[in-house]
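Numbering (the UniProt record's numbering), first residue to last: 1 to 482.
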Amino acid sequence: LREGKRTHIMVTVGKEATESETFITDILKAGASVIRINCAHGDPTIWGEIIKRVRRTSQMLEMPCRVLMDLAGPKLRTGTLKPGPCVMKVSPKKDAYGNVASPAIVWLSVTGTEPPPHLSPDATIFVQDQEFLAGLQIGDSVRLYDARGKKKKLRISKEFDVFSSTGFVAECFDTAYVESGTELCVKGNKGRRLLGEVVDVPPKESFVRLRVGDLLVITREGSFDEPSVTVPGAHRLTCPSGYLFDSVKPGETIGFDDGKIWGTIKGASPAEVIVSITHAGPKGTKLGSEKSINIPQSDIRFKGLTSKDIKDLQYVASHADMVGISFIRDVQDITVLRQELKKRKLNDQLGVVLKIETECGFENLPLILLEAMKCLNPLGVMIARGDLAVECGWERLANIQEEILAICKVARVPVILATQVLESLVKSGVPSRAEITDAANGRRASCVMLNKGKHITEAVSMLDTILHTKLTYKKLDSGNLH
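If you want it as structure tokens, here you go:
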């Protein structure tokens, strides 16, 4: 991250990078120079495929790109909810009177063949047989019975050659619920008949919707199916970490999903924690699997690198350029890290990024940096603003960010600015005004991180423009207002 004066752009990627032939190429061309993989999600098979594509694309484009792999760390998260049904809703757009204004655009192809970048279909349907697609013609009507047993129809409107495969755009003028196993049929002229089957419809994401006043019971993972005798009718989730049950006390606050939901702990035991929801959206807020849990008032003591972190570190060392160490709290965590690096003879090869995301980590930052500098490994700091805001308070985040930037400037340690940079643009395609000025502040950092989303390529391109457009204003002396 020290090369030149350019502010680098880091992009978090996941499984979606393996499902598109052009994804990595597009974001590198747009300006990304670091790819981040979160070890809290996925597995070595997925990570390896992402890294292989990054290395190949970087070499082909002659555009250097580093890989950062974040160790999951001892973060508290909600457990995995049972997946919902594998069914997809295909729905046309309707006007104020409920009439169809425009059809739903459906991409029809074999598994893994994504639509061209300029297409934004409302739904993607994968079919099992390439022969079915090979026989399709423009104007064909694909007939099916949806999950409700209702007869539906897709009209083929366009054909595209995508790499070594073919895909079609179809129009749907009526709402349909399509599931894996749905049979597709085309009857054409002169007895032409095609039969296909829908495959790989992903399960719907499961969640609980929490409202102010609701009760939530959190149990240890593995006990989800056991009924709660103490709080009948309450919402229920699990947490795989025993730290939660060992640390919290009644009366303390607890936050979920980066502070979108807050509650007060009403009861705690080694088996379950009972929470009364005190803050959520007006219509309730969804809480799903693997969402963050924060307990800023609790006396919790994590033990540095987890067993999963240590296992993943071996993989990271042989595949990535940098490793991100999550939830650094004090000098002891750095001591453990140094020992693990020394065991693997990684004393000077692997870049180390210290993620500051707790109040304890922020308060101890000078000592943490002094200890980390005893290693020969290239060193950086990430300001993980999501957890920092929840742990330290929203009103303190701006000052904390400034202090971290100042400390790292004195220590000559590069800084990565992370969390919610251009988030509205990434998710919806339209940025907010405040996001633009926030992104411009990224010029003071060595790197700015973007999280994944539907419009990530546009966001990378805009961030690249914001960060690297030459400033044209002249600094004027400020006068006093009378």
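Every residue, glycine too, gets a C-beta built ideally from N, C-alpha and C.
Taking all protein chains shown into account, do 16 or more other C-beta atoms lie within 10 angstroms of the C-beta of residue i, making it buried, or fewer, making it exposed?
i	result
residue 484	In the structure as shown, the chain begins at 1 and stops at 482. Residue 484 is therefore absent and cannot be evaluated.
Gly84	exposed
Tyr97	exposed
Ser269	exposed
Ser307	exposed
Leu350	buried
Gly4	Caution applies to Gly4, whose pLDDT of 49 falls short of 50 and renders its modelled position unreliable; the value that the coordinates give is listed next. Exposed, because fewer than 16 other Cβ atoms sit within 10 Å of the Cβ of Gly4.
Leu468	The residue you asked about is not Leu; residue 468 is His in the sequence shown. When all chains shown are included, His468 counts as exposed.
Pro115	buried
Trp47	buried
Val410	exposed
Leu119	exposed
Asn189	exposed
residue 483	In the structure displayed, the chain extends from 1 to 482; residue 483 sits before or after that span and is not available.
Leu463	buried
Val248	buried
Asp299	exposed
Glu272	buried
Arg66	buried
Ala176	buried
Here's a check: name, in chain order, each residue in its chain whose Cβ is nearer than 6 Å to the Cβ of residue i, leaving out the five neighbours to either side.
i	result
Pro431	Leu422, Ser424, Leu425
Pro227	Reliability fails at Pro227, whose pLDDT of 49 lies under 50, so the model's placement of it is uncertain and the value that follows must be treated cautiously. Excluding residues within five positions, none has a Cβ falling inside 6 Å.
Leu144	Lys152, Thr182, Leu184
Leu346	Ala317
Leu81	Ser206, Ser289
Lys427	Gly453
Ile466	Ala439, Ala440
Asp26	Thr457
Ile295	Val248, Ile254
His319	Ile51
Less than 8 Å between the CB atoms is what I'm expecting for residue i and residue j, so what's the real figure, rounded?
i	j	result
Val352	Ala372	7 Å
Gly42	Gly14	6 Å
Ile125	Leu136	That belief does not hold up - the Cβ atoms of Ile125 and Leu136 are roughly 12 Å apart, past 8 Å.
Gly233	Pro250	The pair is not a contact, with the Cβ atoms about 20 Å apart (cut-off 8 Å).
Val336	Leu305	6 Å
Ala123	Val90	5 Å
Thr78	Asn38	Thr78 to Asn38, Cβ: 16 Å. No contact.
Gly259	Ile277	At roughly 13 Å, the Cβ-Cβ gap does not stay under 8 Å, so Gly259 and Ile277 are not in contact.
Leu287	Asp257	6 Å
Gln420	Gly386	7 Å
Ser212	Ala280	Residue 212 is actually Val in this sequence, not Ser. Going by Cβ atoms, the distance from Val212 to Ala280 rounds to 5 Å, so yes, they are a contact pair.
Leu133	Val127	6 Å
Arg338	Lys374	7 Å
Between residue i and the rest of its own chain, which residues show a CB-CB distance below 7 Å, the 5 nearest in sequence each way excluded?
i	result
His8	Leu1, Ser33, Val34, Ser446, Cys447
Pro366	Ile407
Glu413	In the sequence as displayed, the identity of residue 413 is Val instead of Glu. Leu369, Leu379, Gly380, Val381.
Val201	Cys86, Val87, Met88, Val178, Glu179, Ser180
Ala17	Phe23, Ile24, Ile50, Arg53
Val231	Leu215, Val217, Ile274
Cys360	Arg329, Asp330
Lys204	Gly84, Pro85, Val87
Phe302	Pro74, Tyr243, Phe327, Arg329
Lys94	Val100, Ala101
Thr57	Ile24, Thr25, Leu28
Val208	His235, Leu237, Leu287
Thr111	Phe126, Val199, Asp200
Lys470	none
Give me, in chain order, the residues of the same chain whose beta-carbon lies closer than 8 Å to that of residue i; leave out the 5 immediate sequence neighbours on both sides.
i	result
Phe362	Ile356, Leu388, Cys392, Ile400, Glu403, Ile404
Ile416	Leu1, Met10, Val353, Gly380, Val381, Met382, Ile383, Ala445, Ser446, Cys447, Val448, Met449
Arg193	Cys185, Val186, Lys187
Gly242	Arg220
Glu340	Leu305, Ile310, Leu313
Val297	The question names Val, but residue 297 is Gln in the sequence shown. So the qualifying residues of the chain are Glu252, Thr253.
Lys158	Ile138, Phe168, Val169
Val460	Ile9, Val11, Ile27, Ala30, Gly31, Ala32, Leu450
Ala72	Asn38, Cys39, Ala40, Thr306, Lys308, Asp309, Asp312, Ser326
Just list the residues that DSSP pairs residue i with in beta bridges.
i	result
Asn294	Gly255
Trp107	Thr124, Val169
Phe132	None; Phe132 has no bridge partner.
Ala320	Partner(s): none; Ala320 has no beta bridge.
Leu195	Cys185
Ala154	A small fix is needed here, since residue 154 is Leu in this sequence, not Ala. For Leu154, which the question treats as bridged, DSSP gives the partners Val142.
Gly442	None, per the DSSP bridge assignment.
Arg148	Answer by DSSP bridge pairing: none, since Arg148 is not bridged.
Met449	Met10
Lys94	Val100
Asp161	Thr166
_Threshold first: 3 residues or longer. Then list the beta strand (DSSP E) segments lying entirely within the segment 350-405, N to C._
Fully enclosed beta strand (DSSP E) runs of 3 or longer: 351-356, 379-384.
*Can you give, in chain order, each stretch of the beta strand (DSSP E) that sits fully within the UniProt domain "Pyruvate kinase barrel" (5-91) and has at least 3 residues?*
Runs of the beta strand (DSSP E) inside the UniProt domain "Pyruvate kinase barrel" (5-91): 8-13, 34-38, 66-70, 87-90.
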